[in-house]
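Its first residue numbered 556, the sequence shown is counted upward by one per residue in the numbering used here.
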Amino acid sequence: MTTVHSRQEALLMAHLLRRAGFGATPYEMDRALSMGYQAVLDDLLNPDHPDVIPDDLIRRYHVDQSDLRSGGGAHWVYRLVMTDTPLREKICLFWHRVFATGTTKLIQNRVVTNQIDMFREHGMGRFDDLLVELSRDPAMIMWLDNQDNHGSNINENYGREILELFSMGVGNYSED
Numbered sequence: 556m557t558t559v560h561s562r563q564e565a566l567l568m569a570h571l572l573r574r575a576g577f578g579a580t581p582y583e584m585d586r587a588l589s590m591g592y593q594a595v596l597d598d599l600l601n602p603d604h605p606d607v608i609p610d611d612l613i614r615r616y617h618v619d620q621s622d623l624r625s626g627g628g629a630h631w632v633y634r635l636v637m638t639d640t641p642l643r644e645k646i647c648l649f650w651h652r653v654f655a656t657g658t659t660k661l662i663q664n665r666v667v668t669n670q671i672d673m674f675r676e677h678g679m680g681r682f683d684d685l686l687v688e689l690s691r692d693p694a695m696i697m698w699l700d701n702q703d704n705h706g707s708n709i710n711e712n713y714g715r716e717i718l719e720l721f722s723m724g725v726g727n728y729s730e731d
């Protein structure tokens with residue numbers, strides 16, 4: 556039996572799937588409409604399945620893409636296109652744009668790929684937990700020159716950026 560959904564329901568669902576992800580195929584749209592708005596929203600926010608695309612599967616079945624993991628950007632684009640959890644990937648994209656790091660200053664693309672993995676794991680959780688993870692992240696440490704921070708040669712760039720740009724704002728903390 557085919558269920559007919561109103562145009563308004565379809566427009567609302569399409570809007571949700573565009574905003575919380577990257578749109579939907581006709582099959583995904585039909586599936587979402589049959590699930591209902593609240594169920595789709597719950598699934599986007601709390602997926603009951605991990606979206607794991609193991610690197611070995613990419614290497615095994617997509618030999619032409621086996622170097623994607625070291626290529627960084629191409630690996631992420633592959634995940635963006637193939638994901639079953641689009642909100643999680645969109646959140647990764649959001650945090651990557653907020654905490655601006657890039658391959659132009661970093662020695663290896665792999666550290667950016669690992670940072671995106673960290674955003675994938677912690678990006679939908681508590682902000683303070685994300686900041687703690689970010690403070691341990693090699694990409695951010697190198698991006699803000701914290702590897703050059705030594706007792707006799709203090710580099711305050713990292714602390715200032717984390718406090719002023721990414722969390723508390725200018726003037727909302729004491730340097731004492």
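By construction, the Cβ of each residue, glycine as well, lies at the ideal position given by its N, Cα and C atoms.
All of these numbers come straight from a predicted model, not from anything done at the bench.
For isoleucine 662, the CB contacts under 8 Å within the same chain, skipping 5 residues up- and downstream, are Met697 in chain order.
Looking only at Leu588, Thr580, Asp692, Met590, the smallest Cα-Cα distance to methionine 673 is reached by Asp692. In the three-state scheme derived from DSSP, where H, G and I count as helix and E and B as strand, histidine 651 is classed as helix. Using a 10 angstroms sphere on the CB of threonine 656, the tally of other CB atoms reaches 16 or more, which defines it as buried. Boundaries of the alpha helix (DSSP H) around alanine 587: 581–590.
Of the other Cβ atoms in all chains shown, 16 or more fall within 10 Å of the Cβ of phenylalanine 654; this residue is therefore buried.
Per DSSP, glutamate 688 is one residue of the alpha helix (DSSP H) stretching across 682–690. Here the alpha carbon of alanine 575 sits roughly 29 Å from the alpha carbon of threonine 659.
Around the C-beta of threonine 668, 16 or more other C-beta atoms lie within 10 Å, and the residue is accordingly described as buried.
Our two residues, alanine 629 and glutamate 711, have alpha carbons roughly 34 Å apart in a direct line. Taking the Cα of tryptophan 650 as reference, the smallest distance to any Cα among Tyr633, Leu686, Ser561 is reached at Leu686. Following the DSSP letters along the chain, one finds glutamate 676 inside the alpha helix (DSSP H) bounded by residues 664–677.
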